[in-house]
Amino acid sequence: MFINNGFEYIGNIDTNYAEKLGKKILKEIDIENLFINDKKDCEKYINIKTNPMPGRNIAEKMQISNFFENEAITNSFKRICGERYRILDYKFVLGVPTSYMPDWVSNDLGGKAQANLGKYIKPDKRLMTYFNGIDFHQDIIDFPSRTPDFVTFYYYLTNVSLKESPLVVLKDSHKFGPMVFPHEIEIKNKKIFLKNEIFEEEVLIGRPGEFYVWHPYILHGTYPTHEGTPRVSLRILVERNADLITNCQLCEVNDSLLNSNAQKEVRKVGMNSSQSKLASIKDMLLAKYKNKI
């Protein structure tokens, strides 16, 4: 499935472990005391980085060796990236409904999808990535000039219904290669078009333990939400060993791409999408998948 679509639902792996880890994360961060008190205080911390980093990453501090030692998980790493795969990065990601935000934050957002809420978070809590909606993007956006030699694995740690900002993936959208964000996606007759082709979306609804993988050129994201509970996930970037001749599914996929050359420009500097495409089709997706809530 990964070879055909650039995306794969691997299956549910160790629900109990995932659920316990998700609860532990929520307790650790104390979501009721997550945000800076007001906008004036927010400006004091403008120079403090908003994303986790080595030494300030809760995923490194917590004992998650059980995840990386799970045979089903390591077998997936090997199948996709080869026997000598390497962990490039890993972190926890938290989707925060606006109902959990102070009024000044939700007013500042103005209803727009916010890929990174970090600037609103207290500095000592910036140990993971926080968001409320992320428009369609490719993960290569964080690695300009890099070839597609890595993939994203995603592990749900909480229940995810339509209310918890489930991930939305455009299957087979990787085939065009790296593209510049924001992406020229159009919605016509309740269908999603990219470069005049219709692409099928998949909304990733499920339980703790659901495990997914996608190519760095796959378009994906999520819509902002007001209701629901915070969604906790573990995101892992795994790379193939570029120093070795490797037989792996990632190599097969890259051979099939229309373009796999590294691209220096992956984002139009100073330009953001005027409106999140995913936010604009939220109602369409809710109606289409309402029986899966």
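Count along the sequence shown starting at 1, add 988, and that's the number in the numbering used here. Backbone N, C-alpha and C define an ideal beta-carbon position, used for all residues, glycine too.
- The distance from the Cβ of Gly-1010 to that of Pro-1196 is about 6 Å, consistent with a contact at the 8 Å cut-off.
- With distances taken between CA atoms, Gly-1043 lies nearest to Tyr-1078 out of Phe-1056, His-1208 and Tyr-1078.
- Straight-line measurement puts the Cα of Glu-1253 at about 6 Å from the Cα of Pro-1132.
- The stretch 1227 to 1255 is shown to contain no whole beta strand (DSSP E) run of 3 or more residues.
- Counting the other Cβ atoms within 10 Å of the Cβ of Ile-1173 gives 16 or more, which makes it buried.
- One thing to note: Phe-990 has its Cβ within 9 Å of the Cβ of His-1203.
- The continuous beta strand (DSSP E) containing Ile-1122 extends over residues 1122 to 1125.
- The C-beta of Ala-1047 has 16 or more other C-beta atoms within 10 Å across all chains shown, which makes the residue buried.
- At a cut-off of 3 residues, the continuous stretches assigned as beta strand (DSSP E) that sit fully inside the stretch 992 to 1024 are 995 to 1000.
- As for any alpha helix (DSSP H) of minimum length 4 sitting wholly inside the stretch 1134 to 1182, there is none.
- For the pair of segments examined, the stretch 1098 to 1110 was found not to touch the stretch 1153 to 1161: the number of CB pairs separated by less than 8 Å stays below three.
- Within the stretch 1054 to 1098, the complete beta strand (DSSP E) segments at least 3 residues long are 1074 to 1083, listed from N- to C-terminus.
- In this structure, Glu-1189 and Ile-1175 do not form a Cβ contact; the two beta carbons are roughly 11 Å apart against a cut-off of 8 Å.
- With a beta-carbon spacing of about 14 Å, Ala-1267 and Gly-1083 fall beyond the 8 Å limit used to define contacts.
- Contact between the stretch 1018 to 1026 and the stretch 1221 to 1232 is not established, with fewer than three Cβ pairs separated by less than 8 Å.
- CA-to-CA, the gap between Ile-1052 and Ile-1129 works out to about 27 Å.
- DSSP places Met-989 in the coil class of the three-state scheme, outside both helix and strand.
- Cβ-Cβ distances below 8 Å link Tyr-1211 to Ala-1101, Gly-1121, Ser-1153, Val-1156, Ser-1264, Leu-1266, Ala-1267, Ile-1269, Lys-1270 and Leu-1273 in the same chain, with the five nearest sequence neighbours on each side left out; the list follows chain order.
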